[in-house]
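See structure below.
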Amino acid sequence: MTDTAGVFPNEPTTVEPEREAPYEGELPGQAAQPETPDEQPQPGTDDQNETDPQTPDAPEASAAQQTAQALLDTMTDEEKIWQLFFVTPEAITNVNTATVAGETTKKALEQYPVGGIVYFAKNLEDREQTVALLENTQSYAKIPLFLGVDEEGGTVTRASRNPNLFSEPFKSPQKLNYIGGIEEILRDTDTRSRELRALGINVNFAPVCDVSTDPKDFIYDRTLGQDANMTADYVRLVVPAMTEGGTLPVLKHFPGYGNNADTHTGIAVDQRPMETFETADLLPFK
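Letter by letter, the sequence shown follows residues 839 to 1124 of this note's numbering.
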């Protein structure tokens, strides 16, 4: 296992799971009512004009929220449903391998206004072709698209493995941690995010938040390779770094997946108690 002495704390701290406090207020429909009409506040009295301190005014919507709501109000129910889908370009165009975006893509997006499109190595040939593919695809969408790729670094590098796009594949979090700790990870994250954004990619399906410390685990090489606390620290720092660089992160895969069976080839059942997830596997996702 990678030695990270001096990079992350050597003694992981115990994180207590957050538990919701029991509700002590009144249930809906059971609010106390005045016993007689005489107890109702009279119009113009101070009681009517006072603000209830227990019911603060709703926060004012931000400009972004107002813009989003205005767009949502113009959408049909069918458009709202299609926005939930993140698909490959082949799924909506019915071509074998999508490397250009023309009339077929335009008609496909008119018929299937999906929320996002994910690209793989076969779709990305070189810089000029990739930029044109993504720019054209984005221009055909009524609602701006999420355009994503799996660029974790290490064994999963859909874009950077192509020498026509990048000088070399991005390294895995484990390798970067070994080279220079979290500082090296964050430097690489910034570079990766900005270079992907320059191609037109605005979503990166990373970071891997699964907790795995056993090299025998199938997903170990794709994780940080450290315990839950260190992995949580890594995720906490990497997520804003990705966003600042111009790509949105996707926390993956699932709590408990780090030391479980490969669900690409079968079904995984985890019998560990819930407390294990709250104090370990859930932390990086939280």
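Glycine included, C-beta positions come from ideal geometry on N, C-alpha and C.
* To do: Could you check what DSSP says for Tyr978 in three-state terms: helix, strand or coil?
  => Here residue 978 refers to the residue found at position 140 when the sequence shown is read from its first residue. Here Tyr978 sits in coil by DSSP.
* Would you call Pro927 buried or exposed, if buried means 16 or more other Cβ atoms sit within 10 Å of its Cβ? -> Residue 927 sits at position 89 when you count from the first residue of the sequence shown. Buried is the call here.
* Given a threshold of 16 other Cβ atoms within 10 Å of its Cβ, counted over all protein chains shown, does Gly940 qualify as buried or as exposed? -> Taking the sequence shown and counting its residues from 1, one reaches residue 940 at position 102. So Gly940 ends up on the exposed side.
* **Spatial distance of Tyr1058 from Asn974 (CA atoms)** => Position 220 of the sequence shown, counted from the first residue, corresponds to residue 1058. Position 136 of the sequence shown, counted from the first residue, corresponds to residue 974. Rounded to whole angstroms, Tyr1058 to Asn974 spans 37 angstroms at the Cα level.
* Who are the Cβ neighbours of Tyr1095 in its own chain at under 6 angstroms, not counting the five residues just before and after it? -> Taking the first residue of the sequence shown as position 1, residue 1095 is located at position 257. Hits under 6 angstroms: Asp1048.
* Quick one: residues in its chain with C-beta nearer than 8 angstroms to the C-beta of Asp810, no 5 flanking neighbours on either side, listed in chain order? => The requested residue 810 is not part of the displayed model; the chain covers only 839 to 1124.
* Determine, using beta carbons only, whether Leu1037 and Val933 come nearer to each other than 8 angstroms. => Position 199 of the sequence shown, counted from the start, is the residue given in the question as residue 1037. Position 95 of the sequence shown, counted from the start, is the residue given in the question as residue 933. Their beta carbons are not under 8 angstroms apart, which means Leu1037 does not touch Val933 by this criterion.
* What is the DSSP secondary structure of Thr1103, counted as helix, strand or coil? -> Reading the sequence shown from its first residue, position 265 is the one you call residue 1103. Of the three classes helix, strand and coil, the one that applies to Thr1103 here is coil, per DSSP.
* Asked: Does DSSP put Glu990 in a helix, in a strand, or in coil?
  -> Position 152 of the sequence shown, counting from 1, holds the residue named residue 990. Reduced to three states, the DSSP call for Glu990 is strand.
* **Burial state of Met1112, where buried means 16 or more other Cβ atoms lie within 10 Å** => For the purposes of this step, residue 1112 is taken as residue 274 along the sequence shown, with counting starting at 1. Its Cβ having fewer than 16 others within 10 Å, Met1112 is exposed.
* Asked: For Lys1090, which beta-bridge partners are listed by DSSP?
  -> Position 252 of the sequence shown holds residue 1090. Answer by DSSP bridge pairing, in chain order: Val1046.
* Residues near Thr937 in its chain [Cβ-Cβ closer than 7 angstroms; skip 5 each side] -> The residue labelled residue 937 in the question sits at position 99 within the sequence shown. So the qualifying residues of the chain are Asn961, Glu963, Gln967 and Leu971.
* To do: With DSSP collapsed to three states, give me the class of Thr995.
  => Working through the sequence shown from its first residue, we reach residue 995 at position 157. Three-state result, Thr995: strand.
* Outcome for Ser1005 when other beta-carbon atoms lying within 10 angstroms are tallied against a minimum of 16 -> In the sequence shown, the residue the question calls residue 1005 occupies position 167. Exposed, since its Cβ has fewer than 16 Cβ neighbours within 10 Å.
* Which whole-angstrom value describes the C-beta separation of Thr1085 and Ile1039, a residue pair presumed to lie in contact below a C-beta threshold of 8 angstroms? -> Start at 1 with the first residue of the sequence shown, and residue 1085 comes out as number 247. Start at 1 with the first residue of the sequence shown, and residue 1039 comes out as number 201. Between Ile1039 and Thr1085 the Cβ distance is about 6 angstroms, and since that is below 8 angstroms, they are a contact.
* Given Thr914 as reference, the closest of Pro897, Ala899, Ala929 and Gln949 once Cα atoms are compared -> Residue mapping note: residue 914 aligns to position 76 of the sequence shown, counting from 1. That would be Gln949, whose Cα lies nearest to the Cα of Thr914.
* In the DSSP assignment, find the unbroken alpha helix (DSSP H) run with Val1077 in it and report its ends. => One-based indexing of the sequence shown puts residue 1077 at position 239. Looking at the DSSP string, the run of the alpha helix (DSSP H) that includes Val1077 is Ala1066 to Gly1083.
* To do: Measure the alpha-carbon distance for Lys1124 versus Arg1074 and round it to whole angstroms.
  => Along the sequence shown, one-based indexing puts residue 1124 at 286. Along the sequence shown, one-based indexing puts residue 1074 at 236. Roughly 9 angstroms separates the two Cα atoms.
* Asked: Where are the beta strand (DSSP E) runs, 3 residues long or more, that stay fully inside the segment 945-979, in chain order?
  -> 954-957
* Asked: Applying the criterion that 16 or more other CB atoms from any shown protein chain within 10 Å of the CB defines a buried residue, is Asn1067 buried or exposed?
  -> If you number the sequence shown from 1, residue 1067 lands on position 229. That one is buried.
* Compare the beta carbon distance of Asn1002 and Ala959 with 8 angstroms and say whether it is the shorter of the two. => By 1-based counting over the sequence shown, the position of residue 1002 is 164. By 1-based counting over the sequence shown, the position of residue 959 is 121. Contact: no.
* Asked: In three-state terms, what does DSSP make of Leu985?
  -> One-based indexing of the sequence shown puts residue 985 at position 147. Leu985: strand per DSSP, three-state reduction.
* **Span of the alpha helix (DSSP H), counted from its first residue to its last, around Ala899** => Looking up residue 899 in the sequence shown gives position 61. That residue, Ala899, is in no alpha helix (DSSP H); it is neither H nor E in DSSP.
* Asked: What does Phe1008 pair with, by DSSP beta-bridge criteria?
  -> Within the sequence shown, the letter at position 170 stands for residue 1008. Paired residues: none, contrary to the question.
* Got a sec? Which residues, its chain only, sit under 6 angstroms from Glu1033 by beta carbon, not counting five neighbours each side? -> Taking the first residue of the sequence shown as 1, we reach residue 1033 at position 195. So the list is empty, once near-sequence residues are dropped.
* Straight-line gap, Glu898 to Ile919 (C-alpha atoms, nearest Å) -> In the sequence shown, the residue the question calls residue 898 occupies position 60. In the sequence shown, the residue the question calls residue 919 occupies position 81. Their Cα atoms are separated by approximately 27 angstroms.
* **Own chain residues within Cβ distance below 6 angstroms of Tyr957, not counting five before or after** => Stepping through the sequence shown from its first residue, residue 957 is reached at position 119. So the list reads Val987, once near-sequence residues are dropped.
* Taking DSSP as the reference, what is the three-state secondary structure of Thr842? -> For the purposes of this step, residue 842 is taken as the residue at position 4 of the sequence shown. With a pLDDT of 41 at Thr842, under the threshold of 50, the predicted position of this residue should be treated as unreliable, and no value is reported.
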